[in-house]
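Each protein sequence line maps, in turn, to chains B and V.
The first sequence finishes on residue 144 if you use this note's numbering, and the numbering steps up by one all the way, no holes.
The second sequence finishes on residue 1144 if you use this note's numbering, and the numbering steps up by one all the way, no holes.
Notes follow the structure.
There are 2 protein chains.
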Amino acid sequence: MSDKTTVKEMIEIMVRGGWRITEQRRTLAEIFAKSEGYLSPKYVYDQMALSYPSVSFDTVYRNLRLLSDMGALEQFYFMDGGLKFRTSCLNHHHHHLICTNCEKTLTFDYCPMDQGIKLPGKFKLTSHRFEIYGICEECQNAMD
Amino acid sequence: MSDKTTVKEMIEIMVRGGWRITEQRRTLAEIFAKSEGYLSPKYVYDQMALSYPSVSFDTVYRNLRLLSDMGALEQFYFMDGGLKFRTSCLNHHHHHLICTNCEKTLTFDYCPMDQGIKLPGKFKLTSHRFEIYGICEECQNAMD
DNA sequence: ATATTTGCAAACGTTTTGCATGGAA
DNA sequence: TTCCATGCAAAACGTTTGCAAATAT
């Protein structure tokens, strides 16, 4: 159902990029593969520390950046919450519905760029961003 | 033509909020009123320092945050470039076309939320974000 | 064997805080 | 005259870097 990148795919990406597969990187991939939403570097570090008490923050950062550069992770800067990461969906173009409480995401296929929008000026378009924010059902229930 | 917030409007917002109108705050408003795109705190600080050599960085930050909280400024986090600010357009709903080179913005009225998108799950929608990125005509010409 | 990756520590840039002084109301 | 805003300095925060030791290839 989901088209989230799997551990196997992430490791393939690393191998293809010529990187070595260390236990830390495997663990990093597992953490993202089993997570629903956006994760902060600190959360990822804490999770990694469960398996590797001696892991260092800079290793987490380095690998987050590498995976992000390779396209295996998507970055997102939450206005209050800073930079976070989630597995990217490489298979098809879509946008996200993001719960502002738990930061879980749902995908949807509608893309405004397919609608022939009339834009002002003479821009050379390069990319776009469309996200809808809200409170997911679970969080709504939990708030009662 | 433009519906950017003017100096007068920004000062009104400050007065309505019960803030005192200092020379620094007036200057801050002027800098934004005469600017086209997103400004970094550092740039704003440099501009302010032209009028007030003794201005401090924390004053700039405090006032940027205050104006932002009051809705007079919009924040945007550029993935490489950090947090920046521009005057918000309080008059009507619209979205932005952002030049990734000079960070100038153009507005356009099309809003994907008016299109009756079918969304997955049961979300309580709170807000959305739609931006198109590209290179503006001036920057395209300058690149030749 | 050897080149990459790690952990440590220290540096870095940005943003925030506490407090005495200065300035707007 | 009163209280808010400022400037200064220092701290906090997230992230990055240099290097020797450890490890995947």
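The beta carbon of each residue, even a glycine, is placed where N, CA and C say it ideally should be.
Smallest Cα separation from residue i: which of the options?
i	options	result
Q1047 of chain V	V:T1005, V:T1059, V:D1058 and V:I1031	V:I1031
V1007 of chain V	V:H1094, V:T1126, V:R1086 and V:P1053	V:R1086
I1135 of chain V	V:S1056, V:P1112 and V:K1104	V:K1104
L1090 of chain V	V:L1067, V:N1141, V:F1078 and V:T1100	V:L1067
I99 of chain B	V:F1123, V:G1081, V:R1065 and V:F1108	What sits at residue 99 of chain B in the sequence shown is Cys, not Ile. Of V:F1123, V:G1081, V:R1065 and V:F1108, the residue nearest in Cα terms is V:F1123.
L1073 of chain V	V:A1142, V:M1010 and V:D1080	V:M1010
E147 of chain B	V:E1137, V:R1129 and V:L1125	With chain B covering only 1 through 144, there is no way to say anything about residue 147 of chain B.
K1004 of chain V	V:R1020, V:G1017, V:A1029 and V:I1021	V:A1029
M113 of chain B	V:E1131, V:G1116 and V:N1101	V:E1131
N141 of chain B	B:L50, B:V55 and B:N101	B:N101
T27 of chain B	B:L50, B:C139 and B:G116	B:L50
My guess is that residue i and residue j are in contact by the Cβ rule of under 8 Å, so how many angstroms apart are they, rounded?
i	j	result
L1106 of chain V	P120 of chain B	5 Å
Y1077 of chain V	M79 of chain B	7 Å
H1093 of chain V	F1108 of chain V	The Cβ separation is near 11 Å, so there is no contact.
G81 of chain B	S40 of chain B	7 Å
M70 of chain B	G18 of chain B	Rounded, the Cβ-Cβ distance is 11 Å, inconsistent with contact.
Cβ of residue i within 9 Å of Cβ of residue j?
i	j	result
Y1203 of chain V	K118 of chain B	Lying outside 1001 to 1144, the shown extent of chain V, residue 1203 of chain V is not represented and no answer is given.
Q75 of chain B	Y52 of chain B	no
R1129 of chain V	R129 of chain B	yes
Quick check on the burial criterion: 16 or more other C-beta atoms within 10 angstroms. Buried or exposed for residue i?
i	result
M1014 of chain V	buried
Y38 of chain B	buried
S88 of chain B	buried
T1097 of chain V	Position check: residue 1097 of chain V holds Leu in this sequence, whereas Thr was assumed. L1097 of chain V should be labelled buried.
L149 of chain B	Only positions 1 to 144 of chain B appear in this structure, which leaves residue 149 of chain B out of reach.
T1022 of chain V	exposed
D144 of chain B	exposed
M1001 of chain V	Legend: pLDDT at M1001 of chain V = 46, less than 50; position of this residue unreliable, value from coordinates given subsequently. With fewer than 16 other Cβ atoms within 10 Å, it is exposed.
key: Cβ contact check for the stretch 57-73 of chain B and the stretch 1053-1062 of chain V: 3 or more pairs under 8 Å   = no
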